[in-house]
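Enquirer: Handing you a structure now.
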Amino acid sequence: MRLAETGLTAQDIKNKVSTYMIETYERFDFLAESAKDQYIYNENGVPYLDFYAGIAVNSAGNCNERVVEAVVEQARTLMQTFNYPYTIPQALLAEKVCQTIGMDKIFYQNSGAEANEAMIKMARKYGIETYGPNRYHIVTAKMGFHGRTFGAMSATGQPGNGCQVGYGPMTYGFSYAPYNDLQAFKDACTENTIAIMVEPVQGEGGIHPATQEFMGGLREFCDQNEMLLLIDEVQTGWCRTGKVMSYMHYGIKPDIVSMAKALGGGMPIGAICATSEVATAFSAGSHGSTFGGHPVSCAAALAQVDELLSHDLAGNARRVGSYLMKRLAMLPHVREVRGQGLMIGIEFDDAIDAVELKHECVRRHLLLTAIGNDVIRLVPPLIVTTDDCDVACGILRASIEALAG
Ligand SMILES: Cc1ncc(COP(=O)(O)O)c(C=O)c1O
256 MRLAETGLTA
266 QDIKNKVSTY
276 MIETYERFDF
286 LAESAKDQYI
296 YNENGVPYLD
306 FYAGIAVNSA
316 GNCNERVVEA
326 VVEQARTLMQ
336 TFNYPYTIPQ
346 ALLAEKVCQT
356 IGMDKIFYQN
366 SGAEANEAMI
376 KMARKYGIET
386 YGPNRYHIVT
396 AKMGFHGRTF
406 GAMSATGQPG
416 NGCQVGYGPM
426 TYGFSYAPYN
436 DLQAFKDACT
446 ENTIAIMVEP
456 VQGEGGIHPA
466 TQEFMGGLRE
476 FCDQNEMLLL
486 IDEVQTGWCR
496 TGKVMSYMHY
506 GIKPDIVSMA
516 KALGGGMPIG
526 AICATSEVAT
536 AFSAGSHGST
546 FGGHPVSCAA
556 ALAQVDELLS
566 HDLAGNARRV
576 GSYLMKRLAM
586 LPHVREVRGQ
596 GLMIGIEFDD
606 AIDAVELKHE
616 CVRRHLLLTA
626 IGNDVIRLVP
636 PLIVTTDDCD
646 VACGILRASI
656 EALAG
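Sequential numbering of the sequence shown, starting at 256, is according to the numbering used here.
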């Protein structure tokens, strides 16, 4: 939809949102009317450089031509059937995903939180059916983030965080240990523990990559103790960190991995992939979803995966990410730059409030997000160039100077 076709102004749109919508988002002061590649355009066609990509979603570029064509073609051909008939996009995507990431089986959901619900449910059911009724306990990381449904929220080790406060008791059966502390994870496990669940880079927790010792150690510990390793790749997955999946940096494989965000190229889709053995926990009627495996989302994902792989956007994430991290470290008031590939966090000293900096950058036509008041997160489309990074760093520098001199 174009604003001009509605006869309304940008302010009218903002007014309707505040009048009729239940607002839980801290909005940019910006109306996004259209997008292409690494730019999002306002109602006057003014380009904004996109360094957040719908939060790590539009990895092959905004409105990627092949993804758009796949959506239009599939929407015209077959939109939704529930999961009773076989459908072509589901089957082709299942094969493509499993073969690409070296897992056996996929189950489709609609979002990251839903994928994590499925991952938690599968692990618990596998544990209870294989080892007995008490093997349901899962250890996750403090400051992790797994989503906003009750299971995923309970797996999120952030008591006191706004996403948990006010909702009453969390779901029973989780313990939390400090991230990157292998011994603490081992100590948190009991005879009832069936799984350890982590992000390979903590995203919402402030962009903290896992160490090799931690990830390798968790895999080994799970193997030795008949426990499952669950990896949440909702934000890190599909080339974002410089490998197709972030776990590939560590030379390990999960028993179940969750994914969403970048998989659909802008269409809603989530999924888990599991080993054949663990996947047996789900059988007819034990789990399901009306929209999971939607033909249009699966067709979009098939095109997206093909674009990511054929243009080696993981390689671009590695190359451009390392260039960008070096440039960012030269900015004033920076305490630390950390990340993996094109998933980067910049932590500032006390002179800079990350939320204010975000709004200042938006005023200068650079779109990025803040995590809390200390960290700026950069997760641009993976097609960005070093020239785009120079522009982004220029705007960041000007914005920092405007705020703190
Ligand atoms: C690691 C991780 N897991 C799960 C989620 C939840 O995904 P969704 O918002 O699609 O439910 C997110 C969202 O940011 C995430 O970063």
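All C-beta atoms in this analysis are idealised placements derived from N, C-alpha and C, irrespective of residue type, glycine included. No experiment lies behind these values; they were computed from the predicted model shown.
1. Just list the residues that DSSP pairs Q364 with in beta bridges.
2. Which term fits G406, buried or exposed, when burial requires 16 or more other beta carbons within 10 angstroms of its beta carbon?
3. Take the Cβ of N317 as the centre, count every other Cβ of all protein chains shown within 10 Å, and call the residue buried at 16 or more, exposed below.
4. Would you say the region 449-462 touches the region 494-512, given that touching needs at least three Cβ pairs under 8 Å?
5. Which runs of the alpha helix (DSSP H) fall wholly inside the region 379-464 and span at least 4 residues, in chain order?
6. Please find out if some non-hydrogen atom of ligand 1 comes closer than 7 Å to the beta-carbon of I226.
7. Could you give the distance in angstroms between the alpha-carbon of K376 and the alpha-carbon of G543?
8. Comparing C-alpha positions only, which one of K271, L651, N338 and Y275 sits nearest to A539?
9. Measuring straight from C-alpha to C-alpha, what distance separates L347 and N371?
10. Measuring from the CB of G421, is there a heavy atom of ligand 1 at a distance below 7 Å?
11. Where do the ends of the beta strand (DSSP E) carrying Q595 lie?
12. Return the chain-ordered list of same chain residues with a C-beta closer than 6 Å to the C-beta of S430, the five sequence neighbours on each side being excluded.
13. How many angstroms separate the CA atom of E488 from the CA atom of I277?
14. Which word fits Y427, buried or exposed, when buried means at least 16 other C-beta atoms lie within 10 angstroms of its C-beta?
15. Look at V323 and A554 and say whether their C-beta atoms are less than 8 Å apart.
16. Under 8 Å by Cβ, that's how I've got S314 and C477 pegged, so tell me the actual separation to the nearest angstrom.
17. Since G367 and K508 are thought to touch, with beta carbons under 8 Å apart, how far apart are those beta carbons, to the nearest angstrom?
18. Would DSSP call L633 helix, strand or coil?
19. Nearest to S513 by alpha carbon, out of Y363, L304 and E328?
20. Quick one, are the C-beta atoms of P635 and A308 less than 8 Å apart?
21. In terms of alpha-carbon separation, which member of T355, V639, E384 and E281 lies closest to V575?
22. Considering only the alpha carbon of each residue, which of L518, I650 and N571 lies closest to C353?
23. DSSP three-state label for S531, please.
24. Classify V661 as helix, strand or coil using the three-state DSSP reduction.
25. May I ask you to verify whether the region 256-263 touches the region 599-608, counting CB pairs closer than 8 Å and requiring at least 3?
26. Would you mind giving the Cβ-Cβ distance between K360 and C528, rounded to the nearest angstrom? I have them listed as a contact below 8 Å.
27. Which residues share a DSSP beta bridge with M598?
28. As an exercise, report each continuous alpha helix (DSSP H) stretch of at least 4 residues that is fully enclosed by the region 603-632, in chain order.
29. Are the CB atoms of A290 and A378 within a distance shorter than 8 Å?
30. Tell me whether V352, by its Cβ, gets closer than 7 Å to a heavy atom of ligand 1.
31. Can the beta-carbon of N365 be found less than 8 Å from the beta-carbon of G547?
32. Please name the residue, chosen from T491, D305 and P424, that lies closest to C644 on a Cα-to-Cα basis.
33. According to DSSP, what are the bridge partners of P302?
34. Check this for me: beta carbons of I655 and L586, under 8 Å apart or not?
35. Quick check on this structure: which residue in I486, G460 and I462 has the alpha carbon closest to the alpha carbon of G471?
36. Would you mind sorting L473 into buried or exposed? The rule is 16 or more other CB atoms within 10 Å of its CB.
Expert: Looking at the atomic coordinates:
1. As a position in the sequence shown, residue 364 is number 109, starting the count at 1. Paired residues: G525.
2. The sequence position of residue 406 within the sequence shown is 151, counting from 1. It is buried - the Cβ of G406 has at least 16 other Cβ atoms within 10 Å.
3. For the purposes of this step, residue 317 is taken as residue 62 along the sequence shown, with counting starting at 1. Label assigned to N317: buried.
4. yes
5. 405-410 and 437-443
6. The chain is shown only over 256 to 660; residue 226 falls outside these bounds and no answer can be derived.
7. For the purposes of this step, residue 376 is taken as residue 121 along the sequence shown, with counting starting at 1. For the purposes of this step, residue 543 is taken as residue 288 along the sequence shown, with counting starting at 1. Roughly 12 Å between the two C-alpha positions.
8. Counting from 1 along the sequence shown, the entry for residue 539 is found at position 284. Of the candidates K271, L651, N338 and Y275, the one whose C-alpha sits nearest the C-alpha of A539 is N338.
9. In the sequence shown, residue 347 corresponds to position 92, counting from 1. In the sequence shown, residue 371 corresponds to position 116, counting from 1. Going by the C-alpha atoms only, they are around 23 Å apart.
10. As a working mapping, residue 421 is identified with position 166 in the sequence shown. No, the Cβ of G421 stays beyond 7 Å of every heavy atom of ligand 1.
11. Here residue 595 corresponds to residue number 340 of the sequence shown, with the count starting at 1. Looking at the DSSP string, the run of the beta strand (DSSP E) that includes Q595 is V589 to Q595.
12. If you number the sequence shown from 1, residue 430 lands on position 175. Result list for S430: V394 and A443, in chain order.
13. Stepping through the sequence shown from its first residue, residue 488 is reached at position 233. Stepping through the sequence shown from its first residue, residue 277 is reached at position 22. For E488 and I277, the distance between alpha carbons rounds to 29 Å.
14. The residue given as residue 427 occupies position 172 in the sequence shown. Exposed, because fewer than 16 other Cβ atoms sit within 10 Å of the Cβ of Y427.
15. Counted from its first residue, the sequence shown places residue 323 at position 68. Counted from its first residue, the sequence shown places residue 554 at position 299. In this structure, A554 does not lie closer than 8 Å to V323 by Cβ.
16. Taking the sequence shown and counting its residues from 1, the one referred to as residue 314 is at position 59. Taking the sequence shown and counting its residues from 1, the one referred to as residue 477 is at position 222. That pair is no contact at about 29 Å.
17. For this step, residue 367 is matched to residue 112 along the sequence shown. For this step, residue 508 is matched to residue 253 along the sequence shown. About 20 Å separates the two Cβ atoms, so there is no contact after all.
18. Walking along the sequence shown from the start, residue 633 turns up at place 378. L633 falls in the strand class under three-state DSSP.
19. In the sequence shown, counting from the first residue as 1, residue 513 sits at position 258. Looking at the Cα atoms, Y363 is the closest of the given residues.
20. Working through the sequence shown from its first residue, we reach residue 635 at position 380. Working through the sequence shown from its first residue, we reach residue 308 at position 53. Yes, the Cβ-Cβ distance between P635 and A308 is below 8 Å.
21. Position 320 of the sequence shown, counted from the start, is the residue given in the question as residue 575. Closest option to V575, Cα to Cα, is V639.
22. Here residue 353 corresponds to residue number 98 of the sequence shown, with the count starting at 1. Selected option, being the one with the closest Cα: L518.
23. Looking up residue 531 in the sequence shown gives position 276. It is helical.
24. Any property of residue 661 remains undetermined from this structure, which presents the chain solely from 256 to 660.
25. no
26. Taking the sequence shown and counting its residues from 1, the one referred to as residue 360 is at position 105. Taking the sequence shown and counting its residues from 1, the one referred to as residue 528 is at position 273. Between C528 and K360 the Cβ distance is about 7 Å, and since that is below 8 Å, they are a contact.
27. As a working note, residue 598 is residue 343 in the sequence shown. Answer by DSSP bridge pairing, in chain order: Q595.
28. 609-618
29. The residue labelled residue 378 in the question sits at position 123 within the sequence shown. The residue labelled residue 290 in the question sits at position 35 within the sequence shown. Not in contact: A378 and A290 (Cβ atoms no closer than 8 Å).
30. In the sequence shown, counting from the first residue as 1, residue 352 sits at position 97. Because no heavy atom of ligand 1 lies under 7 Å away, the Cβ of V352 does not count as near it: no.
31. To locate residue 365, count along the sequence shown from 1; it is residue 110. To locate residue 547, count along the sequence shown from 1; it is residue 292. Going by C-beta atoms, N365 is nearer than 8 Å to G547.
32. Stepping through the sequence shown from its first residue, residue 644 is reached at position 389. Residue D305 is the option with its Cα nearest to C644.
33. Sequence index remark: in the sequence shown, residue 302 carries index 47 (1-based). Partner(s): Y296.
34. Mapped onto the sequence shown, residue 655 falls at position 400. Mapped onto the sequence shown, residue 586 falls at position 331. Closer than 8 Å, so yes.
35. Your numbering for residue 471 matches position 216 in the sequence shown. Nearest C-alpha to G471: I486.
36. Working through the sequence shown from its first residue, we reach residue 473 at position 218. Classification of L473: buried, given that the 10 Å Cβ count is 16 or more.
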